[in-house]
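For the record, in the sequence shown the residue sitting at position 151 is 151 according to full-length UniProt numbering, with numbers rising by one throughout. Beta carbons are placed, not taken as given, at the ideal position from N, Cα and C, and that holds for glycine.
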Amino acid sequence: MPEEQRFLREALSLARSNMENGGRPFGAVVVKNGEVIATGVNEMGQTGDPTSHAELNALRAAARALQSLRLEGCAVYASGQPCPMCLAAMRMAGINEIAYAHSNTQAQPYGLSTSAIYAELAKPITEQAMRFRHIPLEAQDAVPLYDEWQRRQQAS
Numbered sequence: 001m002p003e004e005q006r007f008l009r010e011a012l013s014l015a016r017s018n019m020e021n022g023g024r025p026f027g028a029v030v031v032k033n034g035e036v037i038a039t040g041v042n043e044m045g046q047t048g049d050p051t052s053h054a055e056l057n058a059l060r061a062a063a064r065a066l067q068s069l070r071l072e073g074c075a076v077y078a079s080g081q082p083c084p085m086c087l088a089a090m091r092m093a094g095i096n097e098i099a100y101a102h103s104n105t106q107a108q109p110y111g112l113s114t115s116a117i118y119a120e121l122a123k124p125i126t127e128q129a130m131r132f133r134h135i136p137l138e139a140q141d142a143v144p145l146y147d148e149w150q151r152r153q154q155a156s
């Protein structure tokens with residue numbers, strides 16, 4: 001069995017186990033150099049945390065395992081097509097390869113698709129349903145926030 005299929009089957013196995021434990025049908029595996037370094041399942045219901053998606057939990061575990069915020073060279077294998085939040089987190093962490101077993105189209109009849117969110121995010125910010133505003137306060141601050149952060153980084 002090709003490696004990709006093996007890792008996707010592992011993600012599906014995690015998803016099935018999670019369902020057996022009352023969770024949602026999502027599992028994810030982070031792989032580096034052909035080795036599984038972290039796994040995660042969707043724990044939204046168990047934790048009450050709407051961000052506790054399988055992919056994010058796997059990324060958190062991978063960052064701990066590698067002791068790095070950057071996950072370049074890692075690939076994510078997921079039971080379902082990652083939502084925009086998970087996709088953004090993977091990009092921010094440096095993941096450059098993602099494979100998934102079930103698409104949003106397959107998830108749609110079960111209320112598990114994130115296609116509508118992808119479509120909303122594809123619109124310009126001013127046309128999205130969410131109210132999104134920039135309200136600058138920096139002129140009132142003695143030291144602008146990002147300047148202060150940079151100074152602290154340089155000092156450490």
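> Which ranges would you report for the alpha helix (DSSP H) in the UniProt domain "CMP/dCMP-type deaminase" (2 to 115) if only whole runs of at least 4 residues count?
Replying inline: Segments of the alpha helix (DSSP H) lying fully in the UniProt domain "CMP/dCMP-type deaminase" (2 to 115): 3 to 20, 44 to 47, 54 to 66, 84 to 93 and 104 to 107.
> What are the boundary residues of the alpha helix (DSSP H) that Q154 is part of?
Replying inline: In the sequence shown, counting from the first residue as 1, residue 154 sits at position 154. Segment L145 to A155, the alpha helix (DSSP H) holding Q154.
>> Does L121 come out as helix, strand or coil in the three-state DSSP assignment?
In response: Stepping through the sequence shown from its first residue, residue 121 is reached at position 121. Assigned with DSSP and collapsed to three states, L121 falls in helix.
> Whose C-beta lies closer than 6 Å to the C-beta of Q81 among residues of the same chain, with five residues either side of it excluded?
Replying inline: One-based indexing of the sequence shown puts residue 81 at position 81. Correct list, in chain order: Y100, S103 and N104.
> Three or more C-beta pairs closer than 8 Å, one from the region 56 to 66 and one from the region 113 to 125: is that the case here?
Replying inline: The answer is no - the region 113 to 125 does not touch the region 56 to 66, with fewer than three Cβ pairs under 8 Å.
> Is it right to say V143 is buried, meaning 16 or more other beta carbons lie within 10 angstroms of its own, or is it exposed?
Replying inline: As a working mapping, residue 143 is identified with position 143 in the sequence shown. Exposed: under 16 other Cβ atoms inside 10 Å.
>> Looking at R70: is its Cβ nearer than 8 Å to the Cβ of G94?
In response: Taking the sequence shown and counting its residues from 1, one reaches residue 70 at position 70. Taking the sequence shown and counting its residues from 1, one reaches residue 94 at position 94. G94 is positioned such that its CB atom lies closer than 8 Å to that of R70.
> Apart from the five residues on each side of it in sequence, which residues of its chain come closer than 6 Å, Cβ to Cβ, to F7?
Replying inline: Residue mapping note: residue 7 aligns to position 7 of the sequence shown, counting from 1. The answer, listed in chain order, is V29, V31 and Y77.
> Alpha carbon to alpha carbon, how far is Q128 from G111?
Replying inline: Locating residue 128 in the sequence shown gives position 128, where the first residue counts as 1. Locating residue 111 in the sequence shown gives position 111, where the first residue counts as 1. One C-alpha to the other measures close to 22 Å.
>> Rounded to whole angstroms, what is the Cα-Cα separation between M19 and A75?
In response: One-based indexing of the sequence shown puts residue 19 at position 19. One-based indexing of the sequence shown puts residue 75 at position 75. Taking the straight line joining both Cα atoms gives about 24 Å.
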